[in-house]
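Student: Just so it is clear: in the sequence shown, position 180 is 192 by my numbering, and no numbers are missing.
Before I ask anything, here is the structure I am working with.
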Amino acid sequence: MKLTLKKKKQETSDIISLIFSSDDKINWVAGQYLHYVLHHEPTDDRGSDRWFTISSAPHEGFVMLTTRFDKVKGSSFKNELNNLNEGDIIEVSDLDGDFILEDLNAKYVFIAGGIGITPYRAILKDLESKSNNVDVILLYANRDSNFVFKDELDHLAIPNLKIKYIEGRINIDDIKNSVSDINDRIFYISGPEGMVDSMGEALKELEITDSNIKQDWFPGYD
Ligand SMILES: Cc1cc2nc3c(=O)[nH]c(=O)nc-3n(C[C@H](O)[C@H](O)[C@H](O)COP(=O)(O)OP(=O)(O)OC[C@H]3O[C@@H](n4cnc5c(N)ncnc54)[C@H](O)[C@@H]3O)c2cc1C
């Protein structure tokens with residue numbers, strides 16, 4: 013599938029969304045991801061391909077990729093991605109992913125670490141567009157106060173959505189203090205690998221069963 017870059021949107025000082033159009037119809041479910049290949053020279057040892065969540069919802073009519081650019085230790089891939097210009101065409105493939113909502117009658121806790129907010133933006137925009145008033149508590153932790161998508165999230169018309177912003181690392185007490193009915197909810201965790209693993213362990217300490225935990229690991233981040 014070919015994507016054409018339509019627009020670059022600076023979300024924070026180091027996070028950019030790339031907005032693409034597609035000639036082929038891409039039928040994705042909110043929360044899924046695509047495989048990107050960018051051939052470039054020289055390519056560092058981290059390689060020329062990556063996976064990125066589609067941070068837009070299907071009804072928005074465009075594919076959005078939202079990512080962090082590390083000015084000091086960034087990869088050659090990210091450098092190439094950052095250098096794309098409006099009108100450039102890239103190749104994507106392998107639409108996939110089960111980090112999606114399956115039961116609209118269940119109650120959820122979404123835990124996001126930094127850029128791990130991307131699938132939740134897509135899922136929540138999708139719920140809003142379908143007027144699905146799903147009961148969701150979003151616990152969104154970020155290294156500083158520059159929460160990507162904060163304005164959009166705060167204006168979502170989903171009455172049963174509660175959002176707690178956490179500056180710094182999320183911990184087990186944040187969950188205990190924000191979720192009174194932990195045994196009645198399904199937990200989704202998305203973000204850097206270490207954060208997703210440690211939150212998974214924290215939920216097990218709270219005796220949440222494996223079947224009520226879904227994880228989405230973003231490799232390559234500290
Ligand atoms: C299913 C899935 C969905 C994903 N969705 C997203 C998404 O929506 N947005 C997103 O941003 N990412 C997403 N990712 C992660 C993405 O694919 C990249 O792995 C991630 O963005 C890091 O990119 P990068 O390796 O180019 O590192 P960069 O972002 O360029 O650099 C990040 C950091 O990597 C560290 N680093 C890691 N390895 C090395 C190394 N070998 N040498 C030197 N430094 C290193 C450095 O400390 C640097 O600070 C997803 C991954 C998966 C599997």
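Where is the CB? At the ideal position from N, CA and C, for every residue including glycine.
#1: Can you give the Cα-Cα distance for D61 and I220, rounded to whole angstroms?
#2: Which two residues bound the contiguous alpha helix (DSSP H) that contains L165?
#3: Report yes or no: do three or more beta-carbon pairs, one from the stretch 174-186 and one from the stretch 95-112, lie closer than 8 Å?
#4: Could you tell me the distance, in whole angstroms, from the CA atom of D110 to the CA atom of Y120?
#5: Just verifying my parser: in three-state terms, what is the DSSP assignment at T65?
#6: For L77, tell me which candidate among I187, R133, S143 and A124 has the shortest Cα-Cα distance.
#7: Count the other C-beta atoms from every protein chain shown that fall within 10 angstroms of the C-beta of V191, then say buried if there are 16 or more, exposed otherwise.
#8: Looking at the structure shown, is Y200 part of a helix, part of a strand, or coil, going by DSSP?
#9: Can you give me the Cβ contacts of A42 inside the same chain, cut-off strictly under 6 Å, excluding the 5 residues immediately before and after it?
#10: Is P131 closer than 8 Å to T65 when the C-beta atoms are compared?
#11: With a threshold of 7 Å, establish whether the CB of F64 neighbours any heavy atom of ligand 1.
#12: Identify every run of the beta strand (DSSP E) within the stretch 81-157, keeping only runs that are complete inside it and at least 3 residues long; order them along the chain.
#13: Identify the continuous beta strand (DSSP E) that holds E179 and give its terminal residues.
#14: As a quick exercise: from L107, S141 and G125, pick the residue whose alpha carbon is nearest that of K37.
#15: Taking just the CA atoms, how far does A214 sit from I184?
#16: What does the alpha-carbon distance come out to for the pair N94 and F81?
#17: Applying the criterion that 16 or more other CB atoms from any shown protein chain within 10 Å of the CB defines a buried residue, is G124 buried or exposed?
#18: Cα separation between S88 and F122?
#19: Are the CB atoms of G203 and G86 nearer to each other than 8 Å?
#20: What residue from F32, Q44 and K90 has the CA that sits closest to G232's CA?
#21: Measure the C-alpha to C-alpha separation of I187 and R197 and round it to an integer number of angstroms.
Tutor: Let's see:
#1: The sequence position of residue 61 within the sequence shown is 49, counting from 1. The sequence position of residue 220 within the sequence shown is 208, counting from 1. Their backbone Cα atoms lie some 35 Å apart in a straight line.
#2: Sequence index remark: in the sequence shown, residue 165 carries index 153 (1-based). Residues K162 to D166.
#3: no
#4: Position 98 of the sequence shown, counted from the first residue, corresponds to residue 110. Position 108 of the sequence shown, counted from the first residue, corresponds to residue 120. Each residue's alpha carbon lies about 15 Å from the other.
#5: Within the sequence shown, the letter at position 53 stands for residue 65. Look at T65 here: in three-state DSSP terms it is strand.
#6: Here residue 77 refers to the residue found at position 65 when the sequence shown is read from its first residue. Cα-wise, what sits closest to L77 is R133.
#7: Looking up residue 191 in the sequence shown gives position 179. Burial call: buried.
#8: On the sequence shown, residue 200 is found 188 positions in, with the first residue counted as 1. It is a strand residue.
#9: Numbered from 1 along the sequence shown, position 30 holds the residue referred to as residue 42. Once the five neighbours on either side are set aside, the close Cβ partners of A42 are A69, A134, I135 and D138.
#10: Working through the sequence shown from its first residue, we reach residue 65 at position 53. Working through the sequence shown from its first residue, we reach residue 131 at position 119. The Cβ atoms of T65 and P131 lie closer than 8 Å to each other.
#11: The residue you call residue 64 lines up with position 52 of the sequence shown. Flag set: Cβ of F64 near ligand 1.
#12: Correct list: 101-108, 119-125 and 147-154.
#13: Locating residue 179 in the sequence shown gives position 167, counting from the first residue. Counting along the chain, the beta strand (DSSP E) containing E179 begins and ends at L173 to E179.
#14: Within the sequence shown, the letter at position 25 stands for residue 37. Considering only alpha carbons, the answer is L107.
#15: Taking the first residue of the sequence shown as position 1, residue 184 is located at position 172. Taking the first residue of the sequence shown as position 1, residue 214 is located at position 202. Between I184 and A214, the C-alpha separation is close to 6 Å.
#16: Reading the sequence shown from its first residue, position 82 is the one you call residue 94. Reading the sequence shown from its first residue, position 69 is the one you call residue 81. Computed Cα separation, rounded: 8 Å.
#17: Residue mapping note: residue 124 aligns to position 112 of the sequence shown, counting from 1. Reading the sequence as shown, one finds Ala at residue 124 and not Gly. The residue in question, A124, is buried, as its Cβ has 16 or more Cβ neighbours within 10 Å.
#18: Translated into positions along the sequence shown, residue 88 becomes position 76. Translated into positions along the sequence shown, residue 122 becomes position 110. Distance between the alpha carbons of S88 and F122 is about 32 Å.
#19: Start at 1 with the first residue of the sequence shown, and residue 203 comes out as number 191. Start at 1 with the first residue of the sequence shown, and residue 86 comes out as number 74. No, these two residues do not count as a Cβ contact at 8 Å.
#20: Taking the first residue of the sequence shown as position 1, residue 232 is located at position 220. The candidate whose alpha carbon is nearest that of G232 is K90.
#21: Within the sequence shown, residue 187 is the residue found at index 175, counting from 1. Within the sequence shown, residue 197 is the residue found at index 185, counting from 1. Their Cα atoms are separated by approximately 12 Å.
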